[in-house]
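Which chain is which? The protein sequence lines are X and H, in order.
In terms of our numbering, the first sequence has 1159 at position 78, counting the first letter as 1, and numbering is strictly consecutive.
In terms of our numbering, the second sequence has 1130 at position 49, counting the first letter as 1, and numbering is strictly consecutive.
By construction, the Cβ of each residue, glycine as well, lies at the ideal position given by its N, Cα and C atoms.
Report on the following structure.
Number of protein chains: 2
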Amino acid sequence: MSDKVKHCSDGSFCFSSGQEFTLENGRHLRSLTLVYETWGELDSDRSNAVLVHHALSVGSHATSHSKNPEPGWWQDIIGPGKAIDTSIYFVICINNLGSCFGSSGPLSLNEETGELYKGDFPQITIGDMTASQKILMDELEIDKFYAVIGGSMGAMLSLNWAIEYPDSLTKLILISTAYKAYPANVANRAIQHQAIRMDPQWQQGNYESSAELPGFKLARKLGLYTYRNSSEWNRRFNSHNNADVKEIDIIQYMEYNADKFCNVFDANSYLILTHSMDLFNVTETHESGKGCFSKITARTLVVSEESDILFTPQQQEDLHAALLEGGVNCRFVVHRSQYGHDAFLVESEPFTKYIGDFLNARDGDPEPDYI
Amino acid sequence: MSDKVKHCSDGSFCFSSGQEFTLENGRHLRSLTLVYETWGELDSDRSNAVLVHHALSVGSHATSHSKNPEPGWWQDIIGPGKAIDTSIYFVICINNLGSCFGSSGPLSLNEETGELYKGDFPQITIGDMTASQKILMDELEIDKFYAVIGGSMGAMLSLNWAIEYPDSLTKLILISTAYKAYPANVANRAIQHQAIRMDPQWQQGNYESSAELPGFKLARKLGLYTYRNSSEWNRRFNSHNNADVKEIDIIQYMEYNADKFCNVFDANSYLILTHSMDLFNVTETHESGKGCFSKITARTLVVSEESDILFTPQQQEDLHAALLEGGVNCRFVVHRSQYGHDAFLVESEPFTKYIGDFLNARDGDPEPDYI
């Protein structure tokens, strides 16, 4: 193992580049740290690696392993015999740059000041995140992934990866995402950002504790609101016919979820990561405009969730159309459920099929029909 | 004209009951004031009156008239030769109880303290609003409306009216509404309420000026976000391919709208009126449960907006189903556009057809086909 990588007691790895990392906006991080976890064994010809890109609010712990038996955020999808089969693939999940679960971010030490970055951590982009991961991949001497897979914000990384490093992957899976920031999403995130910043306890990001920030909790509640379809809210609460009881339950549910989240997530990271989505437009950062999609050589699967009010079905259709226009070999699956944006995180059975079938598929196999 | 009604210089009327008004929650208003406007002439047999119920954020000025030429909130729908034809009908629109445009509400004088109510105005219900209007109707000696019409929150009043006073109307038009509060809407409004209340300048409702409340502006931005479909946001902003420009424009657009709104609307009224929707369940307040719909004798039109993410198409379908189950003679129109919840306020041409056709229709006329 590279001497730049340390093995931690919880089974995660910590990569420190020891070199300056230059961001798209021209600012520098004096060094780069990325925390990651792996499952399965890399085969002798290094051809069975799968890169999983996590979404906004989680980290590298995608599924459990012997040193950390806690269930991961994609516990039912990744593991031996599961859709992303760790008895076949060597799976790696890297905590995104800018996040708060070990990788360089607002909770890191700013070596120039000797203090934590907090509100001074520079704004990063989706491109910065993938560029940081490429450095780690080179260090691990993985030239080509069998697959790169992401959902939501994670799939923005996957898409950017496939355009930036087209020879480094065979298959690409993009779930509930978009190739650029859409106005309604920018509007929604701007409201969340204002909720955080208008809170007097925010103090320009130099707050004591994220868990004590009412504005951050409010932002998370608005996030939660958009992750669910109204049918899902109905399923959860419509049995109460009494308006007062229903309202109290709904408020308590949001409060519980916001408390849980703000106890573990950092508000500065939340601002930086959500804003990186505002800045994302894969056709803008790659100079050929929409022609950038033609760079993709990977066989691609796009999964759209019909009840998603955040990354709407239209956004998936736009993505699919752009991929087809770029000549990409692309499969398009429309998933139908009541779970909204979060469907890929909660509905393991259908997503096991979509992902498993696509990973197993060989050239010439017929398209599966899920309807 | 009744001596309880004063004619104001802007052409509106001000009704003061001079009597105590008891609310559903048992609290009392020492007297009741309602501001209203009328258009057209009441015919000799008093049979051509149309009651228009306004939505959350507007008032009695539904359309212009000689004493107030300012365009009203339904300018293109109400007027001579328009869908609600003021050369045929005597149209009345009453500022809702609890609102801030003249009727009893947080900006009224609390006769018990000699000061404005502000944050002490009691929480009212949709039922309180219709009950207050019934007192005015009796004063004006209008026994039966040709039609009662409302959109959004206004249609909650219209629906409640039709169940509470079934003999007082011939036709009922319900646009983009629901017969009860749905969990996703309650959640969304709870976030807005918290945004207002977490603002230190809020001061338990005893703020100096609504226009200076960042929390109230934030709440309005979230409201605005839900009134538009994402396609509408696309239409407005997607021409900017540069992410920074797009974001600045979107934020300015929300800022402009929130400023405009908070300059004229009162934050306490906003809390009370939005919360009255949380408390609304027409099957709960009428003891027969869903059987309450069978009380409706009016011919009814329900208009659903397919792109509405607030009062979703499912909510209109539920309403339509409940009306049919109650044996109501009901026409159901699904409007398709990109305008979301606000469609009935901005798309005058199709809504002129839906409303005009229904008002003109006689028993036995064939159902129009708008597809």
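CB contact below 9 Å: residue i versus chain X
{"i": "tryptophan 1314 of chain H", "result": "yes"}
{"i": "glutamine 1395 of chain H", "result": "yes"}
{"i": "serine 1311 of chain H", "result": "yes"}
{"i": "lysine 1261 of chain H", "result": "yes"}
Within chain X, partners of residue i - CB distance below 7 Å
{"i": "aspartate 1166 of chain H", "result": "The contacting residues do not exist; aspartate 1166 of chain H stays about 36 Å from chain X at best."}
{"i": "lysine 1302 of chain H", "result": "Ile1272"}
{"i": "methionine 1210 of chain H", "result": "Those within 7 Å of methionine 1210 of chain H in chain X number zero; the least Cβ separation is about 16 Å."}
{"i": "isoleucine 1390 of chain H", "result": "Ile1390"}
Sequence-distant residues of the same chain with beta carbon closer than 7 Å to residue i, five excluded per side
{"i": "tyrosine 1288 of chain X", "result": "Gln1282, Leu1294 and Ala1348"}
{"i": "tyrosine 1246 of chain X", "result": "Lys1215"}
{"i": "cysteine 1174 of chain X", "result": "Tyr1117, Glu1118, Val1133, His1135, Ser1141 and Ala1143"}
{"i": "glutamate 1122 of chain H", "result": "Phe1171"}
{"i": "aspartate 1330 of chain X", "result": "Phe1318 and His1321"}
{"i": "leucine 1199 of chain H", "result": "The amino acid occupying residue 1199 of chain H in the given sequence is lysine; leucine does not appear at that position. Cβ neighbours of lysine 1199 of chain H beyond the five flanking positions: Pro1187, Gly1286, Asn1287 and Asn1349."}
{"i": "cysteine 1373 of chain H", "result": "Ile1244, Val1363, Thr1364 and His1367"}
{"i": "glutamate 1220 of chain H", "result": "Ser1083, Lys1085 and Phe1096"}
Sequence-distant residues of its chain with Cβ nearer than 8 Å to residue i (five each side left out)
{"i": "threonine 1114 of chain H", "result": "Cys1095, Phe1096, Ser1097, Ser1098, Gly1183, Ser1184, Ser1185 and Ser1189"}
{"i": "arginine 1316 of chain H", "result": "Gln1419"}
{"i": "asparagine 1362 of chain H", "result": "Tyr1260, Lys1261 and Ala1262"}
{"i": "glutamate 1193 of chain X", "result": "Arg1111"}
CA-to-CA distance, residue j to residue i, given in whole angstroms
{"i": "cysteine 1089 of chain H", "j": "glycine 1445 of chain H", "result": "43 Å"}
{"i": "threonine 1103 of chain H", "j": "leucine 1305 of chain H", "result": "33 Å"}
{"i": "threonine 1258 of chain H", "j": "aspartate 1166 of chain X", "result": "48 Å"}
{"i": "arginine 1407 of chain H", "j": "arginine 1380 of chain H", "result": "The sequence as given places glycine at residue 1407 of chain H; arginine does not occur at that position. For glycine 1407 of chain H and arginine 1380 of chain H, the distance between alpha carbons rounds to 12 Å."}
{"i": "isoleucine 1224 of chain X", "j": "glutamine 1204 of chain X", "result": "First, the residue type needs correcting, since residue 1224 of chain X is aspartate and not isoleucine in the sequence shown. When rounded, the distance between both Cα atoms is 29 Å."}
{"i": "alanine 1236 of chain H", "j": "isoleucine 1230 of chain H", "result": "7 Å"}
{"i": "valine 1345 of chain X", "j": "lysine 1302 of chain H", "result": "28 Å"}
{"i": "asparagine 1241 of chain X", "j": "isoleucine 1390 of chain H", "result": "30 Å"}
{"i": "glycine 1107 of chain H", "j": "lysine 1371 of chain H", "result": "25 Å"}
{"i": "alanine 1243 of chain H", "j": "serine 1369 of chain H", "result": "15 Å"}
{"i": "isoleucine 1377 of chain X", "j": "valine 1139 of chain X", "result": "27 Å"}
{"i": "alanine 1402 of chain H", "j": "serine 1375 of chain H", "result": "12 Å"}
{"i": "lysine 1087 of chain X", "j": "isoleucine 1159 of chain X", "result": "24 Å"}
{"i": "glutamate 1398 of chain X", "j": "aspartate 1248 of chain H", "result": "50 Å"}
{"i": "aspartate 1438 of chain X", "j": "lysine 1341 of chain H", "result": "53 Å"}
{"i": "methionine 1218 of chain X", "j": "alanine 1300 of chain X", "result": "34 Å"}
{"i": "glutamine 1395 of chain H", "j": "leucine 1352 of chain X", "result": "34 Å"}
{"i": "isoleucine 1254 of chain H", "j": "proline 1447 of chain X", "result": "51 Å"}
Amino acids of chain X, ordered along the chain, whose beta-carbon sits closer than 9 Å to that of residue i
{"i": "glutamine 1284 of chain H", "result": "Within chain X, no residue comes near glutamine 1284 of chain H; the closest Cβ sits about 14 Å away, beyond 9 Å."}
Distance cut-off 8 Å: residue i Cβ against heavy atoms of the ligand GTP
{"i": "glycine 1195 of chain X", "result": "The model on display carries no ligand, and the ligand GTP is accordingly not part of it."}
Partners in chain H for residue i, counting only beta-carbon separations shorter than 7 Å
{"i": "arginine 1317 of chain X", "result": "Pro1264"}
{"i": "lysine 1327 of chain X", "result": "Pro1264 and Val1267"}
{"i": "isoleucine 1332 of chain X", "result": "Ala1271"}
Beta-carbon proximity list for residue i, same chain, < 6 Å, skipping 5 on both sides
{"i": "glycine 1092 of chain H", "result": "His1146, Lys1148 and Asn1149"}
{"i": "threonine 1433 of chain X", "result": "Ala1164"}
{"i": "tyrosine 1435 of chain X", "result": "Val1384 and Val1414"}
{"i": "arginine 1412 of chain X", "result": "Leu1382"}
{"i": "methionine 1210 of chain X", "result": "Asn1177, Leu1178 and Leu1238"}
{"i": "isoleucine 1256 of chain X", "result": "Gly1232, Ala1236, Val1384 and Phe1425"}
{"i": "proline 1161 of chain H", "result": "Thr1167 and Ser1168"}
{"i": "lysine 1252 of chain X", "result": "Ala1228, Ala1379 and Arg1380"}
Proximal chain X residues relative to residue i, where beta-carbon distance stays under 8 Å
{"i": "methionine 1279 of chain H", "result": "Asp1280, Pro1295, Gly1296 and Leu1299"}
{"i": "serine 1083 of chain H", "result": "What serine 1083 of chain H touches in chain X: nothing, since even the nearest Cβ is about 35 Å away."}
Chain-ordered neighbours of residue i on chain H, where CB pairs are closer than 9 Å
{"i": "asparagine 1323 of chain X", "result": "Asn1362 and Glu1365"}
Proximal chain H residues relative to residue i, where beta-carbon distance stays under 8 Å
{"i": "tyrosine 1306 of chain X", "result": "Ala1265, Ala1268, Asn1269 and Ile1272"}
{"i": "alanine 1276 of chain X", "result": "Ala1276 and Leu1299"}
Cβ of residue i within 9 Å of any chain H Cβ
{"i": "lysine 1225 of chain X", "result": "no"}
{"i": "methionine 1335 of chain X", "result": "yes"}
Requested in this report: May I have a chain-ordered list of the alpha helix (DSSP H) segments no shorter than 4 residues that lie completely inside the segment 1239-1303 of chain H?
Outcome: 1264-1278
Query raised in the report: Quick one, which residues of the segment 1350-1364 of chain H are near chain C if we go by CB-CB under 8 Å, in chain order?
Result: Checking the listed chains, one finds no chain C in this structure; the protein chains it contains are X and H.
Query raised in the report: Which parts of the segment 1136-1217 of chain H are runs of the beta strand (DSSP E), unbroken and 3 residues or longer, counting only runs that do not cross its ends?
Result: 1171-1175
Requested in this report: Would you mind listing the beta strand (DSSP E) stretches within the segment 1090-1134 of chain X that are 3+ residues and don't spill past its ends, in chain order?
Outcome: 1094-1097, 1114-1120 and 1130-1134, all fully within the segment 1090-1134 of chain X.
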